[in-house]
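K.L.:
Below you will find the structure I want to go over with you.
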Amino acid sequence: MSKAEAKAAFARYLQSNGLKGSRQRERILEAFLNMPPHLTAEDLHRRVSRMDAGIGLATVYRALRLFCEAGLAKQRHFEEGRSRFEQAFAHDHHDHLICVGCGRIVEFECQEIENLQVAMATRHGFTLTHHRLELFGYCPDCAPAAEGQGP
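The following block contains the structure:
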């Protein structure tokens, strides 16, 4: 989905739910579509407040909730205790490696892991609907300082 299609989809979502578009929501959506994945509401607020100082953090949180409801964003809860958001339409399913030292997040895709998860679900009689895989450890930059802190 292109950025233009995402904007049109959001406009349709607002209209079908009896909500009005606003300049603030448009600016927040524009910033969201142009930011890297795994951003926090605070990250997005810093970006949009440069465009419009009148946009508060609560407005950003409400907009992100609407983006999630509209299917444009996914909310992630990693171990750090803060919600992070990524575009729901930007790419196919993926999993995450999360550095517990610096917070770096790496997305990866691995068909062998996907196949193994389906096999495990089938073996135990589950019909798999979805999953999330998050692996925590130390990135190459943090690993030397964390030596001896492994599992």
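For the sequence shown, the numbering used here gives the first residue as 226, with consecutive numbering after it. Virtual Cβ for every residue (Gly too), placed ideally from N, Cα, C.
Can the beta-carbon of Ala256 be found closer than 7 Å to that of Arg272?
P.N.:
Yes, the pair counts as a contact, with Cβ atoms nearer than the cut-off.
K.L.:
Compute the Euclidean distance between the alpha carbons of Glu337 and Ala370, then round it to the nearest angstrom.
P.N.:
If I take the Cα positions, the gap works out to 31 Å.
K.L.:
Determine, for Leu297, whether the minimum Cβ-Cβ distance to residues of chain C falls below 7 Å.
P.N.:
The structure shown contains no chain C; it holds only a single protein chain.
K.L.:
Which class does Arg271 belong to by DSSP, given the choice of helix, strand or coil?
P.N.:
Residue state, collapsed to three classes: helix.
K.L.:
On the premise that Leu322 lies in contact with Val331, defined as a C-beta separation below 8 Å, what is that separation, rounded to the nearest angstrom?
P.N.:
About 4 Å separates the two Cβ atoms, so the contact holds.
K.L.:
Count the C-beta pairs between the segment 340-354 and the segment 294-312 that are closer than 8 Å, then say yes if the count reaches three, no if not.
P.N.:
Verdict: no, contact absent.
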